[in-house]
Every structure is written in C-alpha cells, then in structure tokens.
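Peer 1: A single structure is presented below for examination.
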C-alpha cells in the first residue's frame with residue numbers, strides 16, 4: 885500500500901509538471917530540490933516530507949490538496 889501511494893503521488897506530480905510544460909530539472913530547481921531527489925520522487929521511490937510537498941506546490945502554483953488528489 886505504501887509503494888502504491890508513493891507511486892500515485894509521483895504520477896500526480898508528474899502530470900501537473902508536464903501540464904505546465906516544465907522539465908524535471910526546472911521544477912526541482914524552482915522547488916529547491918536536487919534533480920536526483922525529484923526524479924526518485926516521481927518514480928515513487930521517495931517519501932517526501934510535508935515541507936518538500938509544500939515546496940513543490942508553491943513551485944507549481946497549485947494547492948497542497950491538488951498534489952494529494954489522485
């Protein structure tokens with residue numbers, strides 16, 4: 885269940901990122917995250933902290949709930 889949730893979160897972030905025309909590298913930079921960390925997050929291999937989720941939401945200009953709705 886944990887892995888499925890993390891993969892769903894990563895897929896959701898990827899879809900939002902792509903809809904905004906951003907590369908992984910660009911979003912990672914905007915959120916203040918390393919590209920390798922961000923890549924693993926999209927793949928569901930990372931369990932992001934609430935602070936990192938907030939950084940992503942701010943960088944994507946979306947609400948926190950929109951990142952957690954899949």
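Numbering (our numbering), first residue to last: 885 to 954.
Think of the CB as a built atom: it goes at the ideal place given N, C-alpha and C, for glycine as much as any other residue.
(1) Helix, strand or coil for residue 907 per DSSP?
(2) Grouping DSSP H, G and I as helix and E and B as strand, with all else coil, what is residue 897?
(3) So the alpha helix (DSSP H) residue 950 belongs to, where does it begin and stop?
(4) Buried or exposed: which applies to residue 909, given that a residue is buried once 16 or more other Cβ atoms fall within 10 Å of its Cβ?
(5) Near residue 943, which residues of its chain fall below 7 Å by C-beta distance, leaving aside the five closest residues on each side in sequence?
Peer 2: Walking through what the data contain:
(1) For this step, residue 907 is matched to residue 23 along the chain shown. Of the three classes helix, strand and coil, the one that applies to residue 907 here is coil, per DSSP.
(2) Residue mapping note: residue 897 aligns to position 13 of the chain shown, counting from 1. In this structure, residue 897 counts as helix in the three-state DSSP scheme.
(3) Locating residue 950 in the chain shown gives position 66, where the first residue counts as 1. For residue 950, the enclosing alpha helix (DSSP H) begins and ends at 948 to 951.
(4) Position 25 of the chain shown, counted from the first residue, corresponds to residue 909. With fewer than 16 other Cβ atoms inside 10 Å of its own Cβ, residue 909 counts as exposed.
(5) By one-based count along the chain shown, residue 943 stands at place 59. Correct list, in chain order: 911, 914 and 915.
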